[in-house]
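> Here you go, one structure.
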């Protein structure tokens with residue numbers, strides 16, 4: 397009976413979490429790009445060309461809401477568990493986290509190329525590519541700055557606080573550690589719902605949750621995520637499935653696995 401209650405509670409936490417994120421993304425993702433499009437082009441129908449503005453605005457709004465939510469949850473966690481809600485321990489060797497980030501980049505680029513080859517010509521792949529093109533479309537210098545800020549800074553900070561912070565800590569009260577890591581990764585994959593991103597973000601979610609658990613600091617997965625998002629934007633790293641590409645990906649993955657293996661579990 398107790399297990400059933402915990403399962404239901406975990407399920408409701410996930411549903412509430414997804415509703416919160418999807419609602420903000422949908423509302424802000426429609427209003428802000430439309431507003432920017434109207435200012436720049438005089439036509440609100442060109443809003444998809446300014447999707448990055450909506451993403452950044454959504455990140456800012458979520459961060460404002462999270463600030464108040466985390467402050468409230470901190471009081472409860474300190475009172476009951478004598479620790480912070482989201483752990484903020486010191487990072488001793490950030491170079492290891494950079495190594496882990498290199499590994500996720502190598503895996504991500506290689507896996508994306510495999511998916512592209514397997515699903516070539518499919519509607520699923522076409523819609524995913526169209527989505528990515530709209531997000532990364534640069535119409536001027538300001539657009540480029542917005543995209544870089546949203547991808548390299550906004551996404552790592554906000555998504556890690558949300559997924560490896562809030563969701564991880566809430567689920568950990570109801571499920572085992574392994575199940576918590578799996579569920580946060582699964583929700584992370586579902587949230588990035590398209591054929592190019594979902595498999596990769598699920599894998600990455602497993603790594604990021606493990607890093608958070610081992611390092612006892614939300615700063616750790618933020619670093620890994622930031623390294624990943626920074627390097628995935630470097631075109632030269634993507635060599636397709638050519639021999640040189642495979643060598644690069646395997647080398648990066650090897651660095652990542654070595655760095656991951658050498659993370660030392662910290663106590664609270």
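In the numbering used here, the protein residues as written are 397 to 664.
Every residue, glycine too, gets a C-beta built ideally from N, C-alpha and C.
Please read these numbers as outputs of a predicted model, since none were measured by experiment.
Which partner residues does residue 484 have in the DSSP bridge list?
Per DSSP, 613.
> Distance check for residue 449 and residue 476, CA to CA, integer angstroms please.
Each residue's alpha carbon lies about 40 angstroms from the other.
> Run through DSSP, which three-state label would residue 635 get?
Three-state DSSP puts residue 635 in coil, outside helix and strand.
> Is the distance from the Cβ of residue 552 to the Cβ of residue 609 below 7 angstroms?
No. Outside cutoff.
> At the level of alpha carbons, what is the spacing between residue 582 and residue 501?
Whole-angstrom Cα-Cα distance: 19 angstroms.
> Are the CB atoms of residue 442 and residue 548 nearer to each other than 7 angstroms?
Taking 7 angstroms as the Cβ cut-off, residue 442 and residue 548 do not qualify as a contacting pair.
> Rounded to the nearest angstrom, what separates residue 524 and residue 554 at their Cα positions?
Going by the C-alpha atoms only, they are around 23 angstroms apart.
> With a Cβ-Cβ cutoff of 7 angstroms, do residue 559 and residue 576 count as a contact?
Contact: no.
> DSSP three-state call for residue 443: helix, strand or coil?
Helix, per DSSP.
> Going by the CB atoms, is the gap between residue 493 and residue 619 shorter than 7 angstroms?
The answer is yes: Cβ separation under 7 angstroms.
> Three-state secondary structure (DSSP) at residue 628?
Coil.
> Using 10 angstroms around the beta-carbon of residue 648, count the other beta-carbons present and answer buried if the total reaches 16, otherwise exposed.
With 16 or more other Cβ atoms within 10 Å, it is buried.
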